[in-house]
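According to our numbering, the sequence shown is numbered sequentially starting from 70.
The structure appears right after this line, and notes come after that.
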Amino acid sequence: MKGAEIEYKPIGEIKRFQEEKLCEALLYLSLHSPFYQRMFREYGIDIRKIRTLEDLQQIPFTGKKDLQRHNDDFLCVSREKVIDYITTSGTLGDPITFTMTDKDLDRLAYNEKLSFLCAGVQPTDIVQLMTTIDKRFMAGLAYFLGLRKLGAGVIRVGNGIPELQWDTIYRIRPDTIMCVPSFILRIIEYAEENGIDYRNSSIKKVVCIGESLREQDFSFNLLGQRIKAKWDVDLYSTYASTEMATTFAECEYGCGGHHHPELIICELVDENGALVEEGAIGELVITTLGVESMPLLRFKTGDLVGIHTAPCRCGRTSMRVSPVVGRTNHMIKFKGTTLYPPALFDVLDYTPYVDNYVVKIDYNDNGTDNITVLAGLRQPFTDDVVKDLKDRFRAKIRVAPEIVICPVEDIRKINFPDMSRKPVKFIDNRKNNHHEKRKV
70 MKGAEIEYKP IGEIKRFQEE KLCEALLYLS LHSPFYQRMF REYGIDIRKI RTLEDLQQIP
130 FTGKKDLQRH NDDFLCVSRE KVIDYITTSG TLGDPITFTM TDKDLDRLAY NEKLSFLCAG
190 VQPTDIVQLM TTIDKRFMAG LAYFLGLRKL GAGVIRVGNG IPELQWDTIY RIRPDTIMCV
250 PSFILRIIEY AEENGIDYRN SSIKKVVCIG ESLREQDFSF NLLGQRIKAK WDVDLYSTYA
310 STEMATTFAE CEYGCGGHHH PELIICELVD ENGALVEEGA IGELVITTLG VESMPLLRFK
370 TGDLVGIHTA PCRCGRTSMR VSPVVGRTNH MIKFKGTTLY PPALFDVLDY TPYVDNYVVK
430 IDYNDNGTDN ITVLAGLRQP FTDDVVKDLK DRFRAKIRVA PEIVICPVED IRKINFPDMS
490 RKPVKFIDNR KNNHHEKRKV
């Protein structure tokens, strides 16, 4: 089993296939979506003239603020057809509700089946899910549905509780786990503290979510290097979001997340909304295909990525999405340097005496960005530690933030709040027009 045939077709054939799907999606929106019906009227858009992927540029972008302000207007079906309700937060602080029909859940399962196959998971495998399936999140449900469709065994342990994770591994002997990469380090630490021979466990593969493992050249980043140095398992990165209802998963060659052409159309734009040249970094804009309840058209994800169109060694010819560089609304201007949180994370992940951390962004008295790093240490605090950590930041990003040493347990409570499916490592306290606080 290797996935959908369209992923292996010539680029021209993939493009023509997507353009047919685009016409179907536009017709569906014009008939069923109050939000897009209004947009088409207000902007005088004749969907009959949108025939190619290039024609999409005639249509305005959709953003998260649209979803928050007009949430109900995106619904294309009657409430009676809704099977599942999902909630995600957004830039205005108000929650966004996504709905899914039975058809949407089937599409979600198909998407995850393709992604698991891409990451080398087979029907004979047993996968331990270290992700929540409740709290109105899409991810855990999607993984379960995809593995069920694939025919693989599933162990729904949920997130956290290293003791339960290891007990399950030794009782049931799964060969694959799915979790946030930083949690791998946490269960390794627990194993080392409790004499668990994790290197000789049944686990051979880890499918990772929520955090990047690679640099733009596809080499392992510092987090990936730390994991591989401790545990020689196969690591696969994935990239997804609730809005996309689609996953980009690495294959065995680890050269970006593979695109499923039948599920989503992708564009890459600069800060002015123009398409970027191939090889450049831009904001990913997506148009969902085959979504029944809440399809999206030219939705700006806020994620800065690159796109690679050369065929992959695995045989797939569909494009690949690079690791996420950062988010457009998380750009930091600090002492004349432009930064994104992953650059700060890399320094901290590579520092051996840092156990955990939180990066906070505030405005200083001059109205410019200020960075404070709260760090928990594996060793007693000394002044030399703060100096060394600042030197590490200067060597990597040329500037040094303020460093505050905190108890490891205090930071862990911030990292793993009850209502988050992935670690909170970045807190943005900068005030925008809505005086909000953003967390990722």
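Just so it is clear, CB atoms sit at the ideal spot from N, CA and C, and this is done for glycine as well.
Excluding its 5 nearest sequence neighbours in each direction, H328 has C-beta neighbours in its own chain below 8 Å: E76, F317, C335, S387, M388, R389 and V390, listed in chain order.
A contact between stretches requires three or more CB pairs, one per stretch, nearer than 8 Å, and the stretch 276 to 296 meets this requirement with the stretch 404 to 415. Distance between G264 and F252, taken at the CA atoms: about 18 Å. Contact between L233 and V226 is confirmed by a C-beta separation of about 6 Å, below the 8 Å threshold. According to the DSSP assignment, I430 belongs to the beta strand (DSSP E) that extends over V423 to Y432. The closest CA to that of F104, considering only I224, I466, S362 and I278, is found on S362. In the three-state reduction of the DSSP assignment, R295 falls in the helix class, which pools H, G and I. The stretch 240 to 248 makes contact with the stretch 194 to 205: 3 or more CB pairs, one atom from each, lie closer than 8 Å. With respect to the 8 Å criterion, C187 and C277 are not classified as neighbours on the basis of their beta carbons. In the pairwise beta carbon analysis, the stretch 332 to 346 is classified as not touching the stretch 292 to 311: fewer than three pairs are separated by under 8 Å. Counting along the chain, Q106 sits inside the alpha helix (DSSP H) bounded by residues P103 to E111. Under the three-state reduction of DSSP, F289 is assigned to strand. K494 is positioned such that its CB atom lies no closer than 8 Å to that of V393. Relative to G325, the option among H377, K84, L365 and V345 whose CA is nearest is H377. Relative to the Cα of P470, the nearest Cα in the group R499, D479, N498 and N439 belongs to N439. Pairing E340 with K369, the inter-Cα distance amounts to about 11 Å. Listed in chain order, the non-local C-beta contacts of T406 below 8 Å within the same chain comprise I466, R467 and V468, local neighbours out to five positions each way being set aside.
By the criterion of a C-beta distance shorter than 6 Å, F403 is surrounded in its chain by D438, I440 and V468, once the five residues flanking it on both sides are discounted. Between G445 and I480, the gap from beta carbon to beta carbon is short of 8 Å. Comparing C-alpha distances from Q448 to each of K133, D424 and V473 shows the shortest one belongs to D424. Separation of K274 and K78 (C-alpha to C-alpha, rounded to the nearest whole angstrom) is 28 Å.
Its Cα nearest to that of R176, the residue V360 stands out among V360, Y422 and L366. Assignment of beta strand (DSSP E) within the stretch 398 to 424, counting only whole runs of 3 or more residues, yields 401 to 403 and 406 to 408 in chain order. Here Y154 carries a strand assignment [DSSP, helix/strand/coil].
Bridge partners of R396 according to DSSP: D372.
Here A349 is exposed, its C-beta having fewer than 16 other C-beta atoms within 10 Å. Going by DSSP, I241 is part of the alpha helix (DSSP H) stretching over P231 to I241.
Counting the other Cβ atoms within 10 Å of the Cβ of S306 gives 16 or more, which makes it buried. Of the other Cβ atoms in all chains shown, fewer than 16 fall within 10 Å of the Cβ of D266; this residue is therefore exposed. Following the DSSP letters along the chain, one finds F185 in no beta strand (DSSP E) but inside the alpha helix (DSSP H) bounded by residues D171 to C187. With respect to the C-alpha of P231, the residue from N140, V477, V146 and I256 having the closest C-alpha is I256. In this structure, the alpha-carbon of E258 lies about 45 Å from that of I83. In terms of CA proximity to D115, S99 leads the group S99, F130, L122 and E123. Taking all protein chains in view, the Cβ of V354 is crowded by 16 or more other Cβ atoms within 10 Å, so the residue is classified as buried. Pairing D142 with I472, the inter-Cα distance amounts to about 46 Å.
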